[in-house]
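Engineer: Start counting the sequence shown at 1; every next residue gets the next number (the UniProt record's numbering).
A single structure is presented below for examination.
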Amino acid sequence: MGSVNGKLLILHLCEIVNFVPKLGSKIEELSRSKIQRRFMAKGKDVRVIVILECTSCARNDVNKESPGISRYITQKNRHNTPGRLELRKFCRYCNKHTIHGEIKK
């Protein structure tokens with residue numbers, strides 16, 4: 001029973017019969033590490049979907065010069081990037097790489 005599934009099965013059986021392993025045993029170490037992993041992930045709303053819009057198309061008059069505004073949909077991590085996201089992306093209306101900035105939904 002050296003596999004991970006076998007170890008998890010032993011831990012599950014220990015929980016069913018309310019078996020408390022002895023201090024320092026292998027099962028006690030496994031159960032302690034399993035409990036620590038159980039509560040690691042906290043928030044699921046960390047990644048949000050954002051819309052990136054071409055800044056040069058948005059500044060210029062869209063109706064006269066270009067037929068539309070280039071937009072990209074992507075995700076960002078709120079904790080790592082709290083400010084507005086700006087990336088260089090290809091704008092098909094300007095036909096070049098321009099800065100695309102995050103807009104409000």
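Here a beta-carbon is modelled for each residue, glycine too, at the ideal position from N, C-alpha and C.
1) With DSSP as the reference, label Cys94 as helix, strand or coil.
2) Within 10 angstroms of its Cβ, does Leu52 collect 16 or more other Cβ (buried), or is it exposed?
3) Which value, in whole angstroms, describes the spacing of the CA atoms of Arg78 and Glu102?
4) Check this for me: beta carbons of Leu85 and Val50, under 8 Å apart or not?
5) Phe90: which of Lys76, Lys104, Ile69 sits nearest, CA to CA?
6) To the nearest angstrom, report how far apart Asn80 and Pro67 are at their CA atoms.
7) Can you look up Thr74 in the DSSP assignment and give me helix, strand or coil?
8) What number of angstroms, rounded off, separates the C-alpha of Asn95 from the C-alpha of Cys54?
9) In or out: Lys105 buried (at least 16 other Cβ within 10 Å) or exposed?
10) So if DSSP puts His100 in a beta bridge, which residue, or which two residues, is it bridged to?
11) For His100, count neighbouring Cβ atoms within 10 angstroms of its own Cβ and tell me buried if that reaches 16, exposed if not.
Structural biologist: Let me spell this out:
1) coil
2) Under this definition Leu52 is a buried residue.
3) 13 Å
4) yes
5) Checking every option, the nearest Cα to that of Phe90 belongs to Ile69.
6) Inter-residue distance for Asn80 and Pro67 is about 35 Å (C-alpha atoms, whole angstroms).
7) strand
8) 11 Å
9) exposed
10) In the DSSP output, where bridge partners are listed per residue, His100 has Cys54, Leu87.
11) Under this definition His100 is a buried residue.
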